[in-house]
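There are 2 protein chains.
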Amino acid sequence: MNLSVSEENYIKSIYKLEEGQDSVTTNALAYELDTKPASVTDMAKKLKEKKLIAYEKYQGINLTPEGKKAALQIVRRHRLWECFLVEKLAFSWEEVHELAEELEHVRSEKLTNRLSEFLGNPAIDPHGDPIPDAQGKMGKPRTQTSLHKSQAKRLEVMAVSDKSAALLEFLTAKGIRLGTQLDVIERYAFDNSIEIKIRNQPAFTISEQVSKNIMVKAI
Amino acid sequence: MNLSVSEENYIKSIYKLEEGQDSVTTNALAYELDTKPASVTDMAKKLKEKKLIAYEKYQGINLTPEGKKAALQIVRRHRLWECFLVEKLAFSWEEVHELAEELEHVRSEKLTNRLSEFLGNPAIDPHGDPIPDAQGKMGKPRTQTSLHKSQAKRLEVMAVSDKSAALLEFLTAKGIRLGTQLDVIERYAFDNSIEIKIRNQPAFTISEQVSKNIMVKAI
DNA sequence: AATAATATTTAGGTAAATCTAAATAATAAT
DNA sequence: ATTATTATTTAGATTTACCTAAATATTATT
């Protein structure tokens, strides 16, 4: 199956949005891909034709097993390149997402597998996400909850689900990185903001938008 | 200046064909890019608009200084990725061209420079071609003559100008690689084939097409 | 120099991936 | 259960990078 860059981006986004949800809506996909719903409908028809997604008018989108396989290959490439950029080229974790976004579209199994080997077949990428192996097998689908949902009072940052440079820069500025341990001081119901504290630092408040994207586990 | 992948490929090919020639013809470029002359004319207008080439109807194509700068950046990326693939991922020299052809289009100066640094700022790529530095400065534009043109009787292989996998496989099979020293046994005028001999090996004959693409220097 | 051959350009068309605006379906609110 | 709102799809354009076929220039040949 030969996919265009655009088709690959759709498959990857569907895979991402499918997590948790039982199907992906046209609007959500359009927002995720920064495009218009009408364009999504067009592409949905094409991907259905190629048997990569299950799609019926107004019924939302799901990956077929084949589509999921394709998605996992793309995710594998993306996360391996992120490892490469951070470990070998000394990029910081908030810089690598956009570059990996381009590198992931070089579709060569041999290259992918050699790269993985070169990196010591890593199981997680610099953001804490698991890397699918050559067969598409992947460790547990990442951490338990978002900080937004977590009930815990003391927790550890396991991953960040949104890789926009803006968020990652914000987190870096605030001293939040992988493995950072935080205490939840207060949750404000009126705007869902959360006051948190990192050891040896003054407490500060983060918005719902931010807390939704910080993945944590209780400690 | 933001170039599409297609525009970059045109610029790169013009740069390649310009070497020696004083301008590049529509047909030559079409052949090089495996496209049609009409498409080249279309693109020539666009690249002229962007001031990357000098072009007047029926007059052939030349890079402007700006176009040449762009070309050297692309060539730099291409050759650095080739180094990476051969040195770090253990690809053989005949495998890397196609992959580098894709990787070269990731346009990030920071990535390029970090990659170069990671590789120890190499000055030549695995095919023997010099790698432009970050400023576009490049070592002497490679070897003197093709085997086809060379008058010398004993010579050394400095580079291969055509990177098609077919040719590179052929050369590998015959034991011809960078640095290989050969003796010219005979030149057959009727088809321009050449009988050559590598030390400790039986002599064999290569076609004009092959000899045109082997770059040598006399020793 | 006239003609033949070749090279190049123009005109008009196609496919992929997008878009806007309008139409229609599904969902939420009264 | 209507109506209003929101989501989705359709219809028709647009842009990029191609294409073919025909027209026109240039170059080579007699």
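Residue numbers (this note's numbering), protein chains in the order written: chain A, 1 to 219; chain B, 1001 to 1219. Where is the CB? At the ideal position from N, CA and C, for every residue including glycine.
So, with DSSP's three-state summary, where would you put Met1043/B? If DSSP states are grouped into helix, strand and coil, Met1043/B belongs with the helices.
Nearest candidate by alpha-carbon position, reference Ile176/A, set Asn62/A, Met43/A, Glu94/A: Considering only alpha carbons, the answer is Glu94/A.
With 8 Å set as the bound, which would you pick, yes or no: does the beta-carbon of Val1086/B sit closer than that to a beta-carbon of chain A? Contact of Val1086/B with chain A is not assigned, every C-beta pair being separated by 8 Å or more.
Just how far apart, CA to CA, sit Asn1009/B and Leu1033/B? Separation of Asn1009/B and Leu1033/B (C-alpha to C-alpha, rounded to the nearest whole angstrom) is 8 Å.
Chain A contact for Ser1108/B (CB, 8 Å cutoff): At a cut-off of 8 Å, the C-beta of Ser1108/B has a neighbouring C-beta in chain A.
What does the Cβ neighbour count give for Ile1185/B, buried or exposed, with the cut at 16 atoms within 10 Å? Exposed, since its Cβ has fewer than 16 Cβ neighbours within 10 Å.
Can you tell me which of Ser161/A, Gly60/A, Phe84/A puts its alpha carbon nearest to the alpha carbon of Arg1114/B? Considering only alpha carbons, the answer is Phe84/A.
Out of curiosity, what's the CA-to-CA distance linking Glu41/A and Leu47/A? The residue you asked about is not Glu; residue 41/A is Thr in the sequence shown. The alpha-carbon atoms of Thr41/A and Leu47/A are separated by roughly 10 Å.
Neighbourhood of Ala1218/B by C-beta distance below 6 Å, restricted to the same chain and skipping five residues each side: In the same chain as Ala1218/B, and ignoring 5 residues on each side of it, the C-beta atoms closer than 6 Å to its own belong to Ala1152, Leu1155, in chain order.
List the endpoints of the continuous beta strand (DSSP E) containing Tyr1188/B. Start and end: 1181-1188.
Excluding the five sequence neighbours on either side, which residues of its own chain have a C-beta within less than 7 Å of the C-beta of Asn27/A, listed in chain order? A distance below 7 Å between beta-carbons, with the five flanking residues on each side excluded, links Asn27/A to the following residues of its chain, in chain order: Pro37.
For Lys1051/B, which residues in the same chain have their Cβ closer than 7 Å to its Cβ, ignoring the five residues on either side in sequence? In its chain, beyond the 5 residues on either side, Thr1064, Glu1066 have a beta carbon closer than 7 Å to the beta carbon of Lys1051/B.
In the DSSP output, which residue or residues are listed as bridge partners for Asn1062/B? Beta-bridge pairing links Asn1062/B to Ala1054/B.
Could you tell me if Asn1213/B is buried or exposed, where buried requires 16 or more neighbouring beta carbons within 10 angstroms of its beta carbon? Its Cβ being crowded by 16 or more others within 10 Å, Asn1213/B is buried.
Below 8 Å, can you find three or more Cβ-Cβ pairs linking the region 156-170 of chain A to the region 131-141 of chain A? No contact exists between the region 156-170 of chain A and the region 131-141 of chain A.
For Arg1079/B and Ser161/A, the rounded distance between their alpha carbons: When rounded, the distance between both Cα atoms is 35 Å.
In whole angstroms, what is the alpha-carbon distance linking Asp125/A and Val216/A? Roughly 16 Å between the two C-alpha positions.
Within its chain, find whatever has a CB closer than 6 Å to the CB of Leu1003/B; leave out the 5 residues flanking it on each side and keep chain order. Hits under 6 Å: none found.
Classify Arg114/A as helix, strand or coil using the three-state DSSP reduction. Correct three-state label for Arg114/A: helix.
Using 8 Å for Cβ pairs, my map puts Phe1204/B next to Lys1174/B. What's the rounded Cβ distance? With a beta-carbon spacing of about 7 Å, Phe1204/B and Lys1174/B fall inside the 8 Å limit used to define contacts.
If contact means a Cβ-Cβ distance below 9 Å, which residues of the region 110-134 of chain A contact chain B? Cβ contacts with chain B: Lys110, Leu111, Arg114, Leu115, Glu117, Phe118.
Below 9 Å between beta carbons is the criterion; list the residues of the region 1077-1104 of chain B that meet it against any residue of chain A, in chain order. Across the region 1077-1104 of chain B, CB contacts with chain A closer than 9 Å involve Leu1085, Lys1088, Leu1089, Ala1090, Phe1091, Glu1095, Glu1098, Leu1099, Glu1102, Leu1103, in sequence order along the chain.
Could you check what DSSP says for Ser6/A in three-state terms: helix, strand or coil? In the three-state DSSP reduction, Ser6/A falls in the helix class (H, G or I).
Start and end of the beta strand (DSSP E) containing Phe1091/B? In the DSSP assignment, Phe1091/B falls outside any beta strand (DSSP E), carrying neither H nor E.
Relative to the alpha-carbon of Glu104/A, which residue among Ala123/A, Leu72/A, Leu119/A has its alpha-carbon at the smallest distance? Here the closest residue by C-alpha is Leu72/A.
On the DSSP letters alone, give me the boundaries of the beta strand (DSSP E) that Glu1101/B sits inside. For Glu1101/B, there is no enclosing beta strand (DSSP E); the residue is part of the alpha helix (DSSP H) that begins and ends at 1096-1103.
What residues in its chain sit with their C-beta under 6 Å from that of Glu195/A, if we drop five residues either side in the sequence? Closer than 6 Å at Cβ, skipping near neighbours: Ile185, Glu186, Ala203, Thr205.
From Thr180/A, Lys12/A, Gly128/A, Asp22/A, residue whose alpha carbon lies closest to that of Gln201/A: For Gln201/A, the closest C-alpha among the options Thr180/A, Lys12/A, Gly128/A, Asp22/A is that of Thr180/A.
List the whole-angstrom C-beta distance separating Lys69/A from Gly136/A, where the pair is believed to meet the contact cut-off of C-beta under 8 Å. With 8 Å as the limit, Lys69/A and Gly136/A qualify as a contact, their Cβ atoms being about 6 Å apart.
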